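Below you'll find the structure, written out as structure tokens, and then a few comments.
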Amino acid sequence: MTELNTASPVVDQSAGAITSFNARIEGIEYDMLDGLIGYAVRRAQLSIYEDFANSLASLGITPQRFSSLVIIENNPGISQSKLAEVIGIARSGVVAIIDSFESMGLVERQSSSDRRSYNLNLTRVGLRQLKKYKKHVADHDNRIAHALTESERKQLQFLLGKLCMLCRLED
9 MTELNTASPV
19 VDQSAGAITS
29 FNARIEGIEY
39 DMLDGLIGYA
49 VRRAQLSIYE
59 DFANSLASLG
69 ITPQRFSSLV
79 IIENNPGISQ
89 SKLAEVIGIA
99 RSGVVAIIDS
109 FESMGLVERQ
119 SSSDRRSYNL
129 NLTRVGLRQL
139 KKYKKHVADH
149 DNRIAHALTE
159 SERKQLQFLL
169 GKLCMLCRLE
179 D
């Protein structure tokens, strides 16, 4: 296994502080962790999140917020409940995100036929801002995947999708 030593800051969402994540610390014995798919995926996720946070920190966007905007753009009128389901967070978390987007003028809530829920749409400002975010996210994605060939990139996406599906089937 290749030795990696990639220490750099990661945003600690619980405290808002910056901590350091090192994918591989020299002199530490990892035993069976080195052979666990879940452990490898988690280390990769932390490294990728770190780069995302560093790349988009000045824009104030997180992966959840970016994903939310993309889903709303491509599913006009989506309900807050459905958005929560799609991005995998609690409905209360989506409400906080949408409150923030609404105060920034990025998203508007429209009453649905069910008075307890709202349909979400991007505003013109939201569409312009999302276009800007997409460029930065594409740059980030290209940077983290630069060591992979196009074929390897597609294979990785396929295999990760397969793992997600298999885990769902076992629930």
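If you count by our numbering, then the sequence shown holds residues 9 to 179, one letter each, in order.
Idealized CB from N, CA, C, for every residue including glycine.
The structure displayed is predicted, hence computed values, not measured ones.
Closest residue to residue i among the options (Cα-Cα distance)
i, options, result
"Leu232", "Gln137, Leu167, Leu174", "Because the chain here runs from 9 to 179, residue 232 falls outside it and cannot be looked at."
"Pro71", "Asn83, Glu160, Glu58", "Glu58"
"Gln53", "Ser125, Asp149, Arg176, Glu158", "Asp149"
"Asp147", "Ile56, Gly85, Gly35, Asp42", "Ile56"
"Ile69", "Met112, Leu44, Gly169", "Met112"
"Ser120", "Ile86, Ala48, Glu34, Tyr38", "Ile86"
"Lys170", "Ala92, Ile152, Ile45, Lys90", "Ile45"
"Lys90", "Phe109, Tyr126, Leu41", "Tyr126"
"Asn82", "Ile36, Leu177, Lys139, Lys162", "Lys139"
Beta bridge counterpart(s) of residue i as assigned by DSSP
i, result
"Val115", "Leu130"
"Ile86", "Leu128"
Nearest-angstrom beta carbon gap, residue j and residue i [assumed within contact, 8 Å]
i, j, result
"Ala31", "Arg51", "5 Å"
"Ser63", "His154", "Rounded, the Cβ-Cβ distance is 14 Å, inconsistent with contact."
"Val133", "Leu114", "6 Å"
"Ile80", "Ile95", "About 10 Å separates the two Cβ atoms, so there is no contact after all."
"Leu164", "Leu156", "7 Å"
CB of residue i within 8 Å of CB of residue j, strictly
i, j, result
"Leu135", "Gln88", "no"
"Ile106", "Arg117", "yes"
"Tyr141", "Phe74", "yes"
"Leu77", "Leu130", "yes"
Contact test: residue i Cβ vs the ligand SAH heavy atom, cutoff 7 Å
i, result
"Ser76", "This structure simply doesn't include the ligand SAH, nor any ligand for that matter."
Tell me the start and end of each unbroken alpha helix (DSSP H) in the segment 37-71 that is at least 4 residues and wholly inside, in chain order. 45-64
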